[in-house]
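> If you read the sequence shown in this note's numbering, its first letter stands for residue 86, the second for the next number, and so on.
Think of the CB as a built atom: it goes at the ideal place given N, C-alpha and C, for glycine as much as any other residue.
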Amino acid sequence: MIDLCTLGTGGSIPLHTRALASLYVRNGARALLVDCGEGTQVEIGRLGWGFLRIEALLLTHYHADHCSGLPGLLLALTKSGRTEPLHIWGPPDLRRVVTGLRVIAPQLGYEPVLHELPMTGGAFEAAGLRVRAFPLDHGMPCLGYRFELDRPREFLPEKAQALGIPPRCWSVLQRGEAAEADGVRWKPEQVLGPERRGLSFVYATDTRPAQTIVEAGRNTDLMILEGMYGDEEDFPKALKNRHMLSRESAALAREAGTARLLLTHFSTAVEDPETLLPPARALFPETDCAFDGMTLTLGWTEKRMANGERKASPLI
Ligand SMILES: [Zn+2]
Ligand SMILES: [Zn+2]
């Protein structure tokens, strides 16, 4: 399971009703953040999922609404007792930006480890998730991220019993390792079910529509894209500022074949984000608007069918 919280859903400048961009991604005891707008530490405190488990920060780009909360976050992590390194990923210029922001947060109780990604993207692991960065079109270097969590194969106790495998070996085999008992060697394939589909989602804001977003979003459980504007009248502004209308985000979600679209990063001119929904839902009905502090869980539901087969479906 992956728990997500849209800590802030505003673009440009914070409103008293809307904090700036940041997404909290929790994978069990581990967590990462995507973007860190001004005041992100306040929103994390409000959420209550904790600071200590945050082991990575992924920045999309260096407009202030996405990274000006960094000094405060770095200090809050020190205050929470962090001693393990914090891994920070971002597009080219990461070192210069973080070094500049660190002038006002020089003393930390841990080491920030910087990973500057090329604009072609890259693959890495963060907080136990497989991550792939991909380029966006925002008039400055900007990356989107696709996240994946594998689902372990099911352990079949009836098979283990039928083969006479001693129960003390079961947990080893369940972990996917070979086990040995009384001179007999057992392989995990003997007691594990078939490969299962994992979980995946995409986060991509601050961009014009791009084919890289469609490719990254293929068969995902969720895409989190921007809802900067909704009105057709704002189209020239979207073109100029390299942002999208909600219908453009919806068109990308439809083409990618994702299960669900969540809009975030609303312009300060958008008073009620729900007004972005009709043009988006006309193209992709499974569209919703995020709000500050919204939480959702990506997971699975599983039913055992009458013929003994198990049918899994994603749960959001
Ligand atoms: Zn922005
Ligand atoms: Zn931006």
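Could you check if residue 150 belongs to the surroundings of ligand 1, using beta carbon to heavy atom distance under 7 Å?
Taking the first residue of the sequence shown as 1, we reach residue 150 at position 65. Checking every heavy atom of ligand 1 against the Cβ of residue 150, one is found closer than 7 Å.
> Considering only heavy atoms of ligand 2, does any lie closer than 7 Å to the CB of residue 291?
Position 206 of the sequence shown, counted from the start, is the residue given in the question as residue 291. Residue 291: yes, Cβ under 7 Å from ligand 2.
> Going by the C-beta, is residue 106 closer than 7 Å to any heavy atom of ligand 1?
Here residue 106 is taken as the residue at index 21 of the sequence shown, counted from 1. Checking the Cβ of residue 106 against ligand 1 gives yes.
> Report the rounded CA-to-CA distance for residue 112 versus residue 286, giving the unit in angstroms.
Taking the sequence shown and counting its residues from 1, the one referred to as residue 112 is at position 27. Taking the sequence shown and counting its residues from 1, the one referred to as residue 286 is at position 201. Distance between the alpha carbons of residue 112 and residue 286: 13 Å.
> How about residue 233 and residue 283: do their beta carbons lie closer than 8 Å?
Residue mapping note: residue 233 aligns to position 148 of the sequence shown, counting from 1. Residue mapping note: residue 283 aligns to position 198 of the sequence shown, counting from 1. Cβ atoms of residue 233 and residue 283: closer than 8 Å.
> Considering only DSSP beta bridges, list what residue 265 is partnered with.
Here residue 265 corresponds to residue number 180 of the sequence shown, with the count starting at 1. Per DSSP, 270.
> Quick check: what's the CA-CA separation for residue 208 versus residue 255?
By one-based count along the sequence shown, residue 208 stands at place 123. By one-based count along the sequence shown, residue 255 stands at place 170. Each residue's alpha carbon lies about 33 Å from the other.
> Quick check: does the Cβ of residue 200 come within less than 7 Å of any heavy atom belonging to ligand 2?
As a working mapping, residue 200 is identified with position 115 in the sequence shown. Between ligand 2 and the CB of residue 200, the shortest heavy atom gap is not smaller than 7 Å.
> Between which two residues does the alpha helix (DSSP H) holding residue 360 run?
Residue mapping note: residue 360 aligns to position 275 of the sequence shown, counting from 1. Annotation for residue 360: no alpha helix (DSSP H) segment contains it, and DSSP assigns it neither H nor E.
> What does the alpha-carbon distance come out to for the pair residue 135 and residue 129?
In the sequence shown, counting from the first residue as 1, residue 135 sits at position 50. In the sequence shown, counting from the first residue as 1, residue 129 sits at position 44. Cα-Cα distance, rounded: 7 Å.
> For residue 291 and residue 352, what's the separation of their Cα atoms in angstroms?
Working through the sequence shown from its first residue, we reach residue 291 at position 206. Working through the sequence shown from its first residue, we reach residue 352 at position 267. Cα-Cα distance, rounded: 11 Å.
> Mark residue 143 as exposed unless 16 or more other C-beta atoms lie within 10 angstroms of its C-beta, in which case mark it buried.
By one-based count along the sequence shown, residue 143 stands at place 58. By the neighbour-count rule (16 or more Cβ atoms within 10 Å), residue 143 is buried.
> With DSSP as the reference, please indicate the residues paired to residue 374 in a beta bridge.
Position 289 of the sequence shown, counted from the first residue, corresponds to residue 374. BP columns for residue 374 point to 348.
> Among the candidates 293, 166 and 220, whose CA atom is the shortest distance from the CA of residue 325?
On the sequence shown, position 240 is the one that residue 325 refers to. If you compare the alpha carbons of 293, 166 and 220 with that of residue 325, the shortest gap goes to 293.
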